[in-house]
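Data first, discussion second: the structure below is written as structure tokens.
Numbering (this note's numbering), first residue to last: 104 to 317.
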């Protein structure tokens, strides 16, 4: 079992627990020509700046923005991802290649402004990429952590440590004997996580003042 600390970006995912926020959810569609930037907070495209850049061969996060590819799950899975669902995604600065961005592919986004959302590839041809998206209303990650610490531990969900498949999707579930993660807020202290060894005397039952009883 792996516990992820409350200040880790893994708690801010494709769909997440959100406090009160000033922004409303923003939905729309966009078609990106090669070498086009997309601003996730406004939905505007431009030839410079923005949160993600479509080069024609890959989708590249810019600055502190991040991407997390879920896979080719289609529009049904895209629609099922809600702002108040709980899931875990490893947002990354690595680009997503065009070979992965086929119609039906679903991926998560994190903007430089601290907002999170979901995207669905609706078309990909001749170097252009068409997307359907929803950017959820959200405070900054720091504000979420502070709110969580005030409220105390909040368990939002449990997922397989290897697949991170969302609840309701095919193959979701925790098999007997498998490793899983607990997702939520306020689950641990703000101390940086330390890699643990399973060698004798074994993994500790308490880490960063956190333990779990089943």
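The beta carbon of each residue, even a glycine, is placed where N, CA and C say it ideally should be.
Beta-bridge pairing of residue i - partner residues as DSSP gives them
| i | result |
| --- | --- |
| residue 164 | 155 |
| residue 215 | DSSP lists no partner for residue 215. |
| residue 139 | 157 |
| residue 169 | 213 |
| residue 144 | According to DSSP, residue 144 bridges with nothing at all. |
| residue 200 | 161 |
| residue 310 | 313 |
| residue 195 | 170 |
Alpha-carbon spacing of residue i relative to residue j, whole angstroms
| i | j | result |
| --- | --- | --- |
| residue 274 | residue 256 | 28 Å |
| residue 155 | residue 161 | 10 Å |
| residue 289 | residue 158 | 38 Å |
| residue 281 | residue 147 | 43 Å |
| residue 251 | residue 152 | For residue 251, the predicted structure reports a pLDDT of 37, less than 50, and the residue's modelled location is therefore unreliable. A value from the coordinates is still provided. So the two alpha carbons sit approximately 32 Å from each other. |
| residue 311 | residue 200 | 37 Å |
| residue 229 | residue 203 | 15 Å |
| residue 135 | residue 263 | 34 Å |
| residue 91 | residue 283 | This structure cannot speak to residue 91, because the chain is shown only from 104 to 317. |
| residue 149 | residue 132 | 15 Å |
| residue 196 | residue 142 | 16 Å |
| residue 235 | residue 129 | 11 Å |
| residue 118 | residue 198 | With a pLDDT of 34 at residue 118, under the threshold of 50, the modelled position of this residue cannot be trusted, and the question is left open. |
| residue 315 | residue 217 | 30 Å |
| residue 239 | residue 307 | 37 Å |
| residue 237 | residue 261 | 24 Å |
Closest residue to residue i among the options (Cα-Cα distance)
| i | options | result |
| --- | --- | --- |
| residue 138 | 280, 311, 262, 231 | 231 |
| residue 182 | 269, 153, 134 | 269 |
| residue 178 | 172, 222, 286, 259 | 222 |
| residue 174 | 205, 153, 280 | 205 |
| residue 271 | 298, 131, 215, 176 | 176 |
| residue 333 | 305, 287, 224, 260 | The chain is shown from 104 up to 317; residue 333 falls before or after that span and cannot be answered. |
| residue 209 | 193, 184, 196 | 184 |
| residue 259 | 285, 236, 298, 135 | 285 |
| residue 163 | 140, 129, 136, 193 | 140 |
| residue 233 | 216, 317, 207, 262 | 207 |
Residue i - containing beta strand (DSSP E), residue span
| i | result |
| --- | --- |
| residue 221 | 219 to 228 |
| residue 131 | 129 to 135 |
| residue 291 | Residue 291 -> no beta strand (DSSP E), and no H or E assigned at all. |
| residue 236 | 231 to 239 |
| residue 258 | 257 to 263 |
Endpoints, alpha helix (DSSP H) assigned at residue i
| i | result |
| --- | --- |
| residue 181 | 177 to 183 |
Exposure of residue i, with buried meaning 16 or more beta-carbon neighbours within 10 Å
| i | result |
| --- | --- |
| residue 171 | buried |
| residue 214 | buried |
| residue 265 | exposed |
| residue 301 | exposed |
| residue 212 | buried |
| residue 309 | exposed |
| residue 277 | exposed |
| residue 168 | buried |
| residue 190 | Note that residue 190 scores a pLDDT of 39, beneath 50, so its modelled location is shaky; the value from the coordinates is reported in the next line. Residue 190 should be labelled buried. |
| residue 305 | exposed |
| residue 326 | Within the shown structure, residues of the chain are numbered from 104 to 317, placing residue 326 beyond reach of any answer. |
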